[in-house]
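Numbered according to our numbering, the sequence shown terminates at residue 280, and the numbering increases by one at each position without gaps. Scroll down for the structure; my scribbles are underneath it.
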Amino acid sequence: MHHSYRQHPVNNRFHFTLATFVALSLLLTGCVTGKASEPQPYLREQGDFFMQAGIESYMQYNYQLADKQFTQAKNFYSRIDDYLGTTHALLNLAQVHLASGNFNSAMEHLKKADLLIKKYNLEQP
156 MHHSYRQHPV
166 NNRFHFTLAT
176 FVALSLLLTG
186 CVTGKASEPQ
196 PYLREQGDFF
206 MQAGIESYMQ
216 YNYQLADKQF
226 TQAKNFYSRI
236 DDYLGTTHAL
246 LNLAQVHLAS
256 GNFNSAMEHL
266 KKADLLIKKY
276 NLEQP
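In C-alpha coordinates, the structure reads:
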(Lines of atoms letter the chains of each structure in order from A and count residues from 1; the text may use other names and numbers.)
(Lines give C-alpha, C1' and ligand atoms only; values in the text may rest on other atoms or scores of the structure.)
Protein backbone atom coordinates (compact mmCIF):
# COMPACT_ATOMS: atom_id res chain seq x y z
CA MET A 1 0.00 0.00 0.00
CA HIS A 2 2.90 2.37 0.64
CA HIS A 3 3.35 2.94 -3.10
CA SER A 4 0.03 4.81 -3.33
CA TYR A 5 1.02 7.44 -0.77
CA ARG A 6 4.48 8.75 -0.10
CA GLN A 7 5.11 11.38 2.53
CA HIS A 8 6.78 14.54 1.33
CA PRO A 9 8.18 16.56 4.23
CA VAL A 10 7.65 19.82 2.34
CA ASN A 11 3.98 18.97 1.81
CA ASN A 12 3.52 18.07 5.45
CA ARG A 13 5.06 21.34 6.55
CA PHE A 14 2.92 23.16 4.02
CA HIS A 15 -0.31 21.58 5.24
CA PHE A 16 0.60 22.19 8.87
CA THR A 17 1.38 25.82 8.10
CA LEU A 18 -1.76 26.20 6.00
CA ALA A 19 -3.84 24.83 8.87
CA THR A 20 -2.18 27.27 11.26
CA PHE A 21 -2.64 30.11 8.79
CA VAL A 22 -6.33 29.32 8.39
CA ALA A 23 -6.84 28.97 12.14
CA LEU A 24 -5.18 32.34 12.70
CA SER A 25 -7.15 33.93 9.89
CA LEU A 26 -10.41 32.64 11.32
CA LEU A 27 -9.38 33.80 14.77
CA LEU A 28 -8.43 37.19 13.36
CA THR A 29 -11.72 37.44 11.50
CA GLY A 30 -13.59 36.33 14.62
CA CYS A 31 -11.88 38.99 16.72
CA VAL A 32 -12.62 41.64 14.13
CA THR A 33 -16.33 40.77 13.99
CA GLY A 34 -16.58 40.29 17.77
CA LYS A 35 -17.34 43.94 18.63
CA ALA A 36 -20.95 45.01 18.93
CA SER A 37 -20.36 48.76 18.64
CA GLU A 38 -18.69 49.13 15.25
CA PRO A 39 -17.65 52.55 14.01
CA GLN A 40 -18.12 51.48 10.39
CA PRO A 41 -19.97 48.14 10.23
CA TYR A 42 -20.14 48.15 6.43
CA LEU A 43 -16.35 48.22 6.04
CA ARG A 44 -16.06 45.52 8.69
CA GLU A 45 -18.65 43.26 7.03
CA GLN A 46 -17.06 43.65 3.61
CA GLY A 47 -13.58 43.01 4.99
CA ASP A 48 -14.75 39.87 6.78
CA PHE A 49 -16.63 38.65 3.72
CA PHE A 50 -13.53 38.85 1.52
CA MET A 51 -11.33 37.40 4.27
CA GLN A 52 -13.59 34.31 4.48
CA ALA A 53 -13.79 34.02 0.70
CA GLY A 54 -10.00 34.24 0.51
CA ILE A 55 -9.55 31.48 3.09
CA GLU A 56 -11.96 29.23 1.18
CA SER A 57 -10.14 29.86 -2.11
CA TYR A 58 -6.81 29.22 -0.40
CA MET A 59 -8.06 25.90 0.97
CA GLN A 60 -9.02 24.90 -2.57
CA TYR A 61 -5.48 25.79 -3.77
CA ASN A 62 -6.87 28.66 -5.84
CA TYR A 63 -4.03 30.97 -4.80
CA GLN A 64 -4.54 33.73 -7.37
CA LEU A 65 -8.20 34.18 -6.44
CA ALA A 66 -7.35 33.98 -2.73
CA ASP A 67 -4.72 36.67 -3.19
CA LYS A 68 -7.25 38.98 -4.87
CA GLN A 69 -9.79 38.33 -2.11
CA PHE A 70 -7.26 38.99 0.66
CA THR A 71 -6.36 42.23 -1.09
CA GLN A 72 -10.04 43.22 -1.12
CA ALA A 73 -10.32 42.38 2.59
CA LYS A 74 -7.28 44.53 3.37
CA ASN A 75 -8.68 47.43 1.36
CA PHE A 76 -11.80 47.46 3.53
CA TYR A 77 -9.98 46.88 6.84
CA SER A 78 -7.39 49.59 6.15
CA ARG A 79 -10.14 52.20 5.80
CA ILE A 80 -11.34 51.67 9.38
CA ASP A 81 -8.46 53.06 11.46
CA ASP A 82 -4.73 52.95 12.22
CA TYR A 83 -4.72 49.57 13.94
CA LEU A 84 -6.39 47.90 11.01
CA GLY A 85 -4.18 49.87 8.64
CA THR A 86 -1.14 48.30 10.29
CA THR A 87 -2.86 44.92 10.25
CA HIS A 88 -3.43 45.48 6.54
CA ALA A 89 0.31 46.01 6.02
CA LEU A 90 1.17 42.89 8.04
CA LEU A 91 -1.31 40.77 6.07
CA ASN A 92 0.23 42.16 2.91
CA LEU A 93 3.70 40.98 3.98
CA ALA A 94 2.30 37.61 5.06
CA GLN A 95 0.75 37.17 1.60
CA VAL A 96 4.04 37.92 -0.12
CA HIS A 97 5.83 35.35 2.04
CA LEU A 98 3.09 32.75 1.52
CA ALA A 99 3.28 33.26 -2.24
CA SER A 100 7.03 32.58 -2.19
CA GLY A 101 6.67 29.58 0.13
CA ASN A 102 8.35 31.34 3.06
CA PHE A 103 5.86 30.01 5.62
CA ASN A 104 7.80 30.87 8.79
CA SER A 105 8.00 34.56 7.90
CA ALA A 106 4.34 34.53 6.88
CA MET A 107 3.42 33.14 10.31
CA GLU A 108 5.45 35.85 12.08
CA HIS A 109 3.49 38.56 10.27
CA LEU A 110 0.16 36.83 10.89
CA LYS A 111 0.91 36.54 14.62
CA LYS A 112 1.71 40.27 14.79
CA ALA A 113 -1.51 41.07 12.94
CA ASP A 114 -3.45 38.86 15.35
CA LEU A 115 -1.94 40.65 18.38
CA LEU A 116 -2.88 44.04 16.92
CA ILE A 117 -6.49 42.96 16.43
CA LYS A 118 -6.64 41.74 20.05
CA LYS A 119 -5.16 45.03 21.29
CA TYR A 120 -7.60 46.97 19.12
CA ASN A 121 -10.56 45.08 20.59
CA LEU A 122 -9.37 45.60 24.18
CA GLU A 123 -9.21 49.36 23.64
CA GLN A 124 -12.71 49.65 22.20
CA PRO A 125 -15.25 51.35 24.52
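No residue lacks a Cβ here, since even glycine has one placed at the ideal position from N, Cα and C.
Closest Cα partner of residue i within the set the options
{"i": "Lys223", "options": "Ala254, Asn276 and Leu271", "result": "Ala254"}
{"i": "Gly268", "options": "Arg234, Gly256, Phe204 and Lys229", "result": "First, the residue type needs correcting, since residue 268 is Ala and not Gly in the sequence shown. Nearest option by C-alpha distance: Lys229."}
{"i": "Arg199", "options": "Gln215, Tyr216 and His243", "result": "His243"}
{"i": "Gln195", "options": "Gln215, Ile235 and Met214", "result": "Ile235"}
Cut-off 8 angstroms between Cβ atoms - residues of its own chain near residue i, not counting five sequence neighbours on either side
{"i": "Ser212", "result": "Tyr218, Leu220, Ala221 and Gln224"}
Contact check, residue i vs residue j, beta carbons under 9 angstroms
{"i": "Leu246", "j": "His264", "result": "yes"}
Chain-order list of residues whose beta-carbon lies under 6 angstroms from that of residue i (same chain, five-residue window excluded)
{"i": "Gly151", "result": "Residue 151 lies beyond the range of the chain shown here (156 to 280); nothing can be said about it."}
{"i": "Met262", "result": "none"}
Contacting residues, own chain, Cβ-Cβ under 7 angstroms from residue i (five flanking each side not counted)
{"i": "Gly209", "result": "Ala221, Gln224, Phe225 and Ala228"}
{"i": "Leu250", "result": "According to the sequence provided, residue 250 is Gln. The question's Leu does not apply to it. Taken in chain order, the residues that qualify are Asp222 and Phe225."}
Residue range of the alpha helix (DSSP H) that includes residue i
{"i": "Ile272", "result": "Phe258 to Leu277"}
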